[in-house]
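Engineer: Under numbering that gives the first Met the number 0, residue 290 is the last one in the sequence shown; the count climbs by one each step, no gaps.
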Amino acid sequence: MMLIITALPLFLFLRNYSFEAATYQKTQRILSDSLSNISQSIYLENVKTNINRSSKTNKDFVKVEADILVPEDISIDFDQKELIIDQLEKALSKNVVLDLRIQKSIALQTETDMKTRQIKNNITKILQKEISIVDKSLTIDSITIIQNNHTIGWVVDVVLRSDPSIKFTEDKRKSIEEEISRSVDGLISLNLEIISRIKLQGESDMVASDIKMQIYDYFNERFEDIDVSNLSILYDENLDQYTVSMTVTIPKKTRFTSRNIESLKALLEVKHTANFSMVVNQIEKTIYEFE
0 MMLIITALPL
10 FLFLRNYSFE
20 AATYQKTQRI
30 LSDSLSNISQ
40 SIYLENVKTN
50 INRSSKTNKD
60 FVKVEADILV
70 PEDISIDFDQ
80 KELIIDQLEK
90 ALSKNVVLDL
100 RIQKSIALQT
110 ETDMKTRQIK
120 NNITKILQKE
130 ISIVDKSLTI
140 DSITIIQNNH
150 TIGWVVDVVL
160 RSDPSIKFTE
170 DKRKSIEEEI
180 SRSVDGLISL
190 NLEIISRIKL
200 QGESDMVASD
210 IKMQIYDYFN
220 ERFEDIDVSN
230 LSILYDENLD
240 QYTVSMTVTI
250 PKKTRFTSRN
260 IESLKALLEV
270 KHTANFSMVV
280 NQIEKTIYEF
290 E
């Protein structure tokens, strides 16, 4: 009984922790889509979400705050705001208090603001795509994009939540930074803060995490320039077999063959006394040099 009493607060903490991690992304997407439907000239920034408890109903609600820059000839009426709140409440399954701090932009600023917003939107989309390629379980807590007037470029600060078993290397960070730079045709400084995501694990989850760590260690020790992403482990109890799926991104000059996969497979089978099936998607890594 003591174990149940002790574990319950931790379970509640982790449940709320996971909800908060997902709330920002859903809110950002709904606000961005809803405001774009009103006008492509509306610019959204400084989105914040907080979970609070109502003193009247004793129920949780989400407070959403955001700054929006709106051209003089565009207005957001009561019905439009209520529609946004309705969409947020459906997505978050909680009551929502929406605080939109509206600033009017003069006509002379509109063209510049539109260009800035488009660049920021492009950066955000590329980030979401590239981070998903690294591992689909990675979640984005926040993205801050600031124009760097000294270098005519952009400083991008990103907070990620990640399972401790996922290896996010400096090479991966540089690769994403270079991809964004090419897409927006400007200098990018990408700063990543990665927060470990706590998870209570059953025995099967612990084994899967152990297998992932061994795979990452295998590549780090033998092939430092190979990136491993989209790593997943599935177990078939009837066959007593693990299926390992992953994507490996390999530089052109690095020699990596099926023998290396067979070697990894043999190591895993010895370690876990089970059969392993390996599904490997191999991609050639392209390295760009800028002078």
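A virtual CB, placed ideally from N, CA and C, is assigned to each residue, including glycine. None of the values given here were measured: they were computed from a predicted structure.
How would you call valine 133, buried or exposed, if buried means at least 16 neighbouring beta carbons within 10 angstroms?
Structural biologist: Its Cβ being crowded by 16 or more others within 10 Å, valine 133 is buried.
Engineer: Going by the CB atoms, is the gap between isoleucine 187 and glutamate 176 shorter than 8 angstroms?
Structural biologist: Yes; because the gap between Cβ atoms is below 8 angstroms, this pair is in contact.
Engineer: For leucine 186, which beta-bridge partners are listed by DSSP?
Structural biologist: For leucine 186, which the question treats as bridged, DSSP gives the partners Gly152.
Engineer: Could you say which of Lys62, Val46 and Asp76 lies nearest to lysine 93 if we only look at CA atoms?
Structural biologist: Nearest C-alpha to lysine 93: Lys62.
Engineer: Under three-state DSSP, which class holds leucine 107?
Structural biologist: With a pLDDT of only 44 at leucine 107, under 50, the local geometry of the prediction cannot be trusted, and the value read off the model is given with reservation. Of the three classes helix, strand and coil, the one that applies to leucine 107 here is helix, per DSSP.
Engineer: Give me the Cα-Cα distance between glutamine 86 and threonine 48, rounded to the nearest whole angstrom.
Structural biologist: Answer to the nearest angstrom: the Cα atoms are 15 angstroms apart.
Engineer: Looking only at its own chain, which residues have a Cβ that is under 8 angstroms from the Cβ of histidine 149, when we skip the five neighbours before and after it?
Structural biologist: Closer than 8 angstroms at the Cβ level, and outside the excluded window around histidine 149, lies no residue.
Engineer: Check for me: the beta strand (DSSP E) holding glutamate 44 runs from which residue to which?
Structural biologist: Start and end: 42-52.
Engineer: Following the continuous alpha helix (DSSP H) through isoleucine 83, name the residue where it begins and the one where it ends.
Structural biologist: Taken as a continuous stretch (DSSP letters only), the alpha helix (DSSP H) holding isoleucine 83 covers 77-91.
Engineer: May I ask you to verify whether the segment 260-275 touches the segment 229-243, counting CB pairs closer than 8 angstroms and requiring at least 3?
Structural biologist: The segment 260-275, when compared against the segment 229-243, does touch it at the 8 angstroms Cβ threshold.
Engineer: The ligand ZN and leucine 191: does any heavy atom of the ligand fall closer than 7 angstroms to the residue's C-beta?
Structural biologist: The model on display carries no ligand, and the ligand ZN is accordingly not part of it.
Engineer: Which residues does DSSP pair with alanine 65 in a beta bridge?
Structural biologist: Note: alanine 65 sits in a beta bridge opposite Leu99.
Engineer: From leucine 43 to valine 158, what distance separates their C-alpha atoms?
Structural biologist: C-alpha separation (whole angstroms): 19 angstroms.
Engineer: Give me whichever residues DSSP pairs with valine 157 in a beta bridge.
Structural biologist: Looking at the DSSP assignment, valine 157 forms a beta bridge with Ile142 and Leu191.
Engineer: Using the Cα positions of valine 279 and asparagine 121, report the straight-line distance between them to the nearest angstrom.
Structural biologist: If you take the alpha carbons of valine 279 and asparagine 121, they lie about 30 angstroms apart.
Engineer: With a 10 Å radius around its C-beta and 16 neighbouring C-beta atoms as the bar for buried, classify threonine 256 as buried or exposed.
Structural biologist: So threonine 256 counts as exposed.
Engineer: How many angstroms separate the CA atom of arginine 28 from the CA atom of aspartate 224?
Structural biologist: Cα to Cα, the separation comes out at about 34 angstroms.
Engineer: With DSSP run on the structure shown, which of helix, strand or coil describes isoleucine 73?
Structural biologist: In this structure, isoleucine 73 counts as coil in the three-state DSSP scheme.
Engineer: How would you label threonine 143, buried or exposed, when you count the other beta carbons within 10 angstroms and need 16 or more for buried?
Structural biologist: Threonine 143 comes out exposed.
Engineer: Express the C-alpha separation of glutamine 146 and threonine 115 in angstroms, rounding to a whole number.
Structural biologist: Going by the C-alpha atoms only, they are around 9 angstroms apart.
Engineer: By the 10 Å Cβ neighbour count, where 16 or more other Cβ atoms means buried, how is threonine 22 classified, buried or exposed?
Structural biologist: Per the 10 Å Cβ criterion, buried.
Engineer: Out of Arg221, Ser174 and Arg160, point me to the one whose CA is closest to glutamate 192's CA.
Structural biologist: Ranking the options by Cα distance to glutamate 192, first place goes to Arg160.
Engineer: Quick one: complete beta strand (DSSP E) runs, 3+ long, within the segment 240-277?
Structural biologist: With a minimum length of 3 residues, the continuous beta strand (DSSP E) runs that stay inside the segment 240-277 are 240-250.
Engineer: Between Asp216, Phe167, Val206 and Gln213, which lies nearest to serine 195 when the distance is taken from Cα to Cα?
Structural biologist: For serine 195, the nearest C-alpha among the options comes from Phe167.
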